[in-house]
Ligand code: FEO
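Residue numbers (the numbering used here): 4 to 175.
Right, here's the structure in full:
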């Protein structure tokens, strides 16, 4: 049986993961529009991963006898100053999600929901990875400065991310 407080908090997390899907898809379309097809592929793949996060939460709520209630998803931004700016926005969202996951873990301990505490550990680890991979890209931007070939090289590199499970990679 799922505590109503935990049910509400997990539903909020489902919404945050779906917002992340929207945000990354919005970044993907912006990048593709700018001709950054490799980065677009990377962002599409990232967006789809967020759907899998939402569905993982969905499954847990339903399995515990709770109910998933879908709320409206906020509209994401649609414009960024640069690719670096877009990745900075992605990192800011990941940091926010990490805080929300930590809050869920705190709640699980507070109400002694051990099953939720165990379930949420996957998300704790996943957030370390999620933040690190975007930070790594941002570090490359810092290192490269204004080097003209950098964006081209990074676009190629990010386009090699394994194909996502819904949409195929774009042809550069
Ligand atoms: Fe589902 Fe990128 O956090």
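Heads up, the beta-carbon is just placed ideally off N, CA and C, and yes, glycines get one too.
Remember, predicted model here, so these are calculated numbers, not experimental data.
Query raised in the report: Would residue 83 pass as a contact of residue 75 if the rule is Cβ separation under 7 Å?
Result: As a working mapping, residue 83 is identified with position 80 in the chain shown. As a working mapping, residue 75 is identified with position 72 in the chain shown. It is not a contact, given that the beta carbons lie outside the stated cut-off.
Requested in this report: Could you tell me if the beta carbon of residue 51 falls within a distance shorter than 6 Å of some heavy atom in the ligand FEO?
Outcome: Within the chain shown, residue 51 is the residue found at index 48, counting from 1. The answer is no for residue 51.
**Report entry** Exposure label - residue 152; buried when at least 16 CB within 10 Å
**Finding:** Stepping through the chain shown from its first residue, residue 152 is reached at position 149. Answer is exposed; the Cβ neighbour count stays below 16.
Query raised in the report: Do you know offhand how far residue 31's Cα is from residue 125's?
Result: As a position in the chain shown, residue 31 is number 28, starting the count at 1. As a position in the chain shown, residue 125 is number 122, starting the count at 1. Taking the straight line joining both Cα atoms gives about 26 Å.
Query - Inter-residue spacing [alpha-carbon to alpha-carbon] between residue 159 and residue 145 - result: Taking the first residue of the chain shown as position 1, residue 159 is located at position 156. Taking the first residue of the chain shown as position 1, residue 145 is located at position 142. Residue 159 and residue 145: Cα-Cα distance of roughly 18 Å.
Requested in this report: Compute the minimum distance between the beta carbon of residue 97 and the heavy atoms of the ligand FEO, and state whether it is under 6 Å.
Outcome: Position 94 of the chain shown, counting from 1, holds the residue named residue 97. When distances are taken from the beta-carbon of residue 97 to the heavy atoms of the ligand FEO, the shortest one is below 6 Å.
Query raised in the report: Apart from the five residues on each side of it in sequence, which residues of its chain come closer than 8 Å, Cβ to Cβ, to residue 140?
Result: If you number the chain shown from 1, residue 140 lands on position 137. Excluding residues within five positions, the ones whose Cβ falls inside 8 Å are 90, 157, 161.
Query - Whole-angstrom distance between residue 58 and residue 65, CA atom to CA atom - result: Numbered from its first residue, the chain shown carries residue 65 at position 62. Numbered from its first residue, the chain shown carries residue 58 at position 55. Approximately 10 Å between the Cα atoms of the pair.
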